[in-house]
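Take a look at the structure below.
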Amino acid sequence: MSFNIRGRAWKFGDNISTDLIMPSFAYMKVGHNYKKLAKYVMYTNRPNWTEKVERGDIIIGGKNFGCGSSRPAAGPLKALGISCIIAESISRIFFRNSISLGLPVLEAPNIQRFCVENDILEVTLVKGTIKNLSTGKKMKIKPIPKNSPPMQILEAGGLSAFLKEEILQ
Amino acid sequence: MAEKILARHSGREKVNVGEYIWAKIDVTSPGNNLGALMELKETGIKKAFDPEKIFVVYPNTLLPSSLEASEQVNSLRKLVKEYGMKWFEYGRHCIFHQVFAENGFCVPGDLVAMEDSHTTNYGAFNVAACPIYVECTYVMATGKLWFKVPESIKFWLTGKLPELCMGKDVILKILGTWGSDVSMYKSAEFLGPLASNLSISSRWSIATMGVEIGAKFALFEADQKTFNFLKGRTNRPYNPVKSDSDAEYVEEHIVDVADLEPLVACPHDPSNVKPITQVEKDEVKVHQAFIGSCVNGRQEDLEIAAKILEGNKIHPDVRMIISPASPEVWKDALNAGWMDIFLDAEAIISPPTCGPCFGFEGILAAGETCISSSCRNFRGRLGSPESKIFLANPATVAACAIAGKIVDPRKYI
Chain U
1 MSFNIRGRAW KFGDNISTDL IMPSFAYMKV GHNYKKLAKY VMYTNRPNWT
51 EKVERGDIII GGKNFGCGSS RPAAGPLKAL GISCIIAESI SRIFFRNSIS
101 LGLPVLEAPN IQRFCVENDI LEVTLVKGTI KNLSTGKKMK IKPIPKNSPP
151 MQILEAGGLS AFLKEEILQ
Chain V
1 MAEKILARHS GREKVNVGEY IWAKIDVTSP GNNLGALMEL KETGIKKAFD
51 PEKIFVVYPN TLLPSSLEAS EQVNSLRKLV KEYGMKWFEY GRHCIFHQVF
101 AENGFCVPGD LVAMEDSHTT NYGAFNVAAC PIYVECTYVM ATGKLWFKVP
151 ESIKFWLTGK LPELCMGKDV ILKILGTWGS DVSMYKSAEF LGPLASNLSI
201 SSRWSIATMG VEIGAKFALF EADQKTFNFL KGRTNRPYNP VKSDSDAEYV
251 EEHIVDVADL EPLVACPHDP SNVKPITQVE KDEVKVHQAF IGSCVNGRQE
301 DLEIAAKILE GNKIHPDVRM IISPASPEVW KDALNAGWMD IFLDAEAIIS
351 PPTCGPCFGF EGILAAGETC ISSSCRNFRG RLGSPESKIF LANPATVAAC
401 AIAGKIVDPR KYI
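Quick mapping for you: the protein sequence lines, in order, are chains U and V. So that you can map any letter, position 168 of the first sequence is 168 in this note's numbering, and since no number is skipped, the others follow by simple counting. So that you can map any letter, position 225 of the second sequence is 225 in this note's numbering, and since no number is skipped, the others follow by simple counting.
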C-alpha cells in the first residue's frame, strides 16, 4: 500500500452517509461486489460522477463523512479508484472499515478551505502532510500514530492480510 | 463506564482516554456480513474463538425470493453449523438485536463488537457494544479487537415524559439540539432520574439510535428493570458497571423533557428535528406508514399504536406496515389483542424484518412520503432520490396513517 498519495480533489459536503456511497438498491441489484457497486457511488446526490473519477483521485469531505449504516462503503470507493479520503471529521465505523480494507482516511479540520475541486493534492500519510500542488499551500495534520493498530493494519494492506500474518506467527 | 469495561477486557487496572488497546470481545455476530464467514473459511481458520458466543441469522429480510438467494442461504447455513455457531433459523430470526437480546446474547458489563451500526443498542443493558463490519472475520477468528479508549459524554435525562412522548423523542431531542456528530468517537452515557424511570423499551430506542449521534457506545446503568428483562434468558453472571461520581466527561448536557412534545425528524437527516405542532402545519401528505425496526418494533411501541388505531381505519391512500421486531413481540401483540386492532384498521402485518427501514422492502417511488418509526431518513434510503422519509415515534406514525398526513397524535387518543 502506498503511503505517498497524489491525486485530484473531489469535494463533498457534510454528513455524506454510507447510504449515499453504497445505496441499498444497488447491492440488491448487483450483490456485494465492490467492482459492480463502484458505479453507484453517490448515485443519489451526484449522478454520473463516477464516470469522471480517475484512479488515484481523492475525496474531500465535510463533517461526519461516512455516517450511518455500517455497510463497507470503503469497498466500492476503493474499487472506483479513490486513493484516499480526507474529511473534516469521519464517522467511526467508516473509519474502521476503510482502514480494514486498506483505504487511507484522514481527518483534517480545515481541509474544505484548503482546496477547491480539481486541485492536485499530495499526501504523506506517515508524516501527516498535505500539499496542494495547484496553489502551493501546505498543511500538517495529526497522522495516524506509528505502531498503533490502525497504522499496523494499513501497513499490512488491510485487516485480512493482517490476520493472515498473525496466524502465520 | 466505558473505561471500566475496556480495562476489564484488556487485563488492565485502568485504561487512559486516547490510548490504543486490544480488548477481548465477549460475544459477536457477523450480522449482515455473511461474507465474513466465507472469509473465515478461505483464510484457513478451522475454529472460531468461541463458537457458542457467535450468533448468526440470515440477514434481516424475509425468505429467499430466488433460487440464487436460497443457495446462498444454504451454503451459509452449512458453514455456521460446521463452525458450531448459534444459528437462528427462519421463524426464530429477523431483527437480530431484538432476537439476540431475548436469547441472552449479552449481559451487563460485556464488551460486544458485531456487525450492524445499531449494535449500540445493547447499551440499554449496560453493555459496551460497538458496530463493526469488515472486522467481523477478525473478531470471529481471534475474539479480540483494537480500540482507541474513547472520551465519555454525559446526557443527564430529567423531567417526566409528557403524554405520547417516548424514548424515541428523547433521542430525537438530543439529535435536534446537539447534532448528529455530538458523540462522535465518544462513549455516550445516559444518566439521571429520567434514565431510571424510562422503560427498558424506551432506553433501548435511545441506545439503538446512539449511533445516530455518532457514539461508539451508548450506555445506561443496569437496574432492577434490566435484571427483570434478562431473568430466565441467560445463565451467565452479570458484572455491571456504574458511573463514578467523579467520572470525567468531555461534555455534559442536560436533557429536560418536561416541555417535550412528540418530535419529527424531517428529510433528509435524523438531526433535522422539529416539534409535531410545527410539522403538522405543513399538511404533509403520507403514502406509507411504518412501525417496526430495531428502534420501535417492541411491545411498548405496538401497544401505543394499538391505542391510537383502535376503532379507526387507515386512510384509503395510505399503506401501513406493522412489523413486530421478533416472534416473541408478535406473540405478545397477538395475546394482547393488538393484532386484531391492526387488521381491523387494515394495516399490513409483516413478519419481523428490517426491510422497510433500510430499503429492501416497502420501496418508495418518486414523490412518495413515508412516516416511519425507524432510525434514518437519508435521501434515497427507501428508494427514489425524490422520495421523503420523516421519522417519529409509533404513536405519531399511527395517527398519520389514519389522517393520511402528518398530524399530532395527541388529537387521536
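Where a beta carbon is used, it is the ideal one built from N, C-alpha and C, also for glycine.
Chain V contact residues for residue i, given Cβ-Cβ distances below 7 Å
i	result
P72 (chain U)	Y133, V134
N97 (chain U)	Y133, V134
Identity of the residues DSSP links to residue i by a beta bridge
i	result
H253 (chain V)	V:F155
C84 (chain U)	U:I58
W146 (chain V)	V:W22
P275 (chain V)	V:L263
F217 (chain V)	V:S187
I120 (chain U)	U:R8
L364 (chain V)	V:G383
C375 (chain V)	Bridge partners of C375 (chain V): none, in fact.
H268 (chain V)	V:F378
M139 (chain U)	U:I130
R319 (chain V)	V:Q288
S89 (chain U)	Answer is none; S89 (chain U) lacks a bridge partner.
A129 (chain V)	V:V112
Chain V residues whose Cβ lies nearer than 8 Å to that of residue i
i	result
P143 (chain U)	Chain V residues near P143 (chain U): none, gap ~14 Å exceeds 8 Å.
Chain U residues whose Cβ lies nearer than 9 Å to that of residue i
i	result
F227 (chain V)	Per Cβ cutoff of 9 Å: no residues; F227 (chain V) is ~30 Å from chain U at best.
Y20 (chain V)	P145, N147, S148, P149, P150
Contacts of residue i in chain U (Cβ-Cβ under 8 Å)
i	result
P394 (chain V)	Those within 8 Å of P394 (chain V) in chain U number zero; the least Cβ separation is about 22 Å.
S117 (chain V)	G68, S69, S70, I93
V216 (chain V)	Position check: residue 216 (chain V) holds Lys in this sequence, whereas Val was assumed. Ordered by position in chain U, the residues that pass the 8 Å Cβ test against K216 (chain V) are R92.
G11 (chain V)	Here the premise fails: no neighbours, minimum Cβ distance about 16 Å.
Boundaries (first-last residue) of the alpha helix (DSSP H) holding residue i
i	result
S196 (chain V)	193-197
C136 (chain V)	136-142
W10 (chain U)	Segment 4-11 is the beta strand (DSSP E) holding W10 (chain U); no alpha helix (DSSP H) there.
F105 (chain V)	Careful: F105 (chain V) lies outside any alpha helix (DSSP H) and carries neither H nor E.
V80 (chain V)	67-83
M202 (chain U)	Because chain U here runs from 1 to 169, residue 202 (chain U) falls outside it and cannot be looked at.
L175 (chain V)	167-178
F397 (chain V)	For the sequence presented, residue 397 (chain V) should be read as Val rather than Phe. Here the alpha helix (DSSP H) through V397 (chain V) covers 394-403.
K35 (chain U)	34-37
P150 (chain U)	149-156
I389 (chain V)	Run containing I389 (chain V): none in the alpha helix (DSSP H); it sits in the beta strand (DSSP E), 388-391.
Terminal residues of the beta strand (DSSP E) in which residue i lies
i	result
T369 (chain V)	369-372
E328 (chain V)	Not the beta strand (DSSP E): E328 (chain V) falls in the alpha helix (DSSP H), residues 327-335.
Y20 (chain V)	20-24
V112 (chain V)	111-115
L106 (chain U)	105-107
E341 (chain V)	Reading the sequence as shown, one finds Ile at residue 341 (chain V) and not Glu. No beta strand (DSSP E) contains I341 (chain V), which is instead part of the alpha helix (DSSP H) from 338-345.
Whether residue i touches residue j by CB criterion (8 Å)
i	j	result
I308 (chain V)	I206 (chain V)	no
V279 (chain V)	V264 (chain V)	yes
P352 (chain V)	P324 (chain V)	yes
S70 (chain U)	I213 (chain V)	no
I363 (chain V)	A392 (chain V)	no
S100 (chain U)	I153 (chain U)	yes
G7 (chain U)	L121 (chain U)	yes
L77 (chain U)	L103 (chain U)	yes
V134 (chain V)	N97 (chain U)	yes
G292 (chain V)	G210 (chain V)	no
K86 (chain V)	F55 (chain V)	yes
G109 (chain V)	N239 (chain V)	yes
I314 (chain V)	E361 (chain V)	no
Residue i: contacting residues in chain U (beta-carbon distance under 7 Å)
i	result
Y138 (chain V)	L159, L163
P385 (chain V)	T44
D269 (chain V)	N15
G35 (chain V)	H32
Distance cut-off 7 Å: residue i Cβ against heavy atoms of the ligand NAD
i	result
M42 (chain U)	Annotation note on the ligand NAD: not contained in the displayed structure, which lists no ligands.
Residue i at chain B interface by Cβ criterion, 8 Å
i	result
R46 (chain U)	Absence of chain B from the displayed structure is noted, the protein chains being U and V.
Per-residue contacts from residue i into chain V (C-beta, under 9 Å)
i	result
D19 (chain U)	F358, G359, R376, F378, R379, G380, R381
N132 (chain U)	Within chain V, no residue comes near N132 (chain U); the closest Cβ sits about 26 Å away, beyond 9 Å.
Taking only beta carbons into account, state which residues of the stretch 99-113 of chain U come closer than 8 Å to chain V, listed in chain order.
Cβ contacts with chain V come from S100, L101.
Residues from the stretch 63-93 of chain U in contact with chain V, defined by Cβ distance under 7 Å
Taking 7 Å as the Cβ-Cβ cut-off, the stretch 63-93 of chain U approaches chain V at K63, N64, C67, G68, S69, S70, R71, P72, S89, S91, R92, I93, given in chain order.
Along the stretch 142-158 of chain V, where does the CB come closer than 7 Å to a CB of chain U? Name the residues.
Within the stretch 142-158 of chain V, the residues whose Cβ lies closer than 7 Å to some Cβ of chain U are W146, listed in chain order.
For the stretch 86-113 of chain V, which residues have a beta carbon sitting closer than 9 Å to at least one beta carbon of chain U?
Taken residue by residue, none of the stretch 86-113 of chain V has a beta-carbon sitting less than 9 Å from a beta-carbon on chain U.
According to a CB-to-CB cut-off of less than 8 Å, which residues of the stretch 171-198 of chain V neighbour chain U?
Result list: S180, D181, M184, Y185.
What residues in the stretch 62-80 of chain V bring their beta carbon closer than 8 Å to a beta carbon of chain U?
Per Cβ criterion, the list is empty.
Scan the stretch 4-32 of chain U for residues whose Cβ lies nearer than 8 Å to a Cβ of chain V and list them as they occur along the chain.
So the list reads N15, S17, D19, L20, P23, S24, F25, M28, H32, given in the order they occur along the chain.
Along the stretch 292-311 of chain V, what residues have a CB closer than 9 Å to any CB found in chain U?
Hits within the stretch: zero.
Going along the stretch 40-55 of chain V in order, which residues come within less than 8 Å of chain U, judged by CB to CB distance?
Within the stretch 40-55 of chain V, the qualifying residues are T43, G44, I45.
Report the residues of the stretch 221-250 of chain V with a CB closer than 9 Å to any CB of chain U, ordered along the chain.
Per Cβ criterion, the list is empty.
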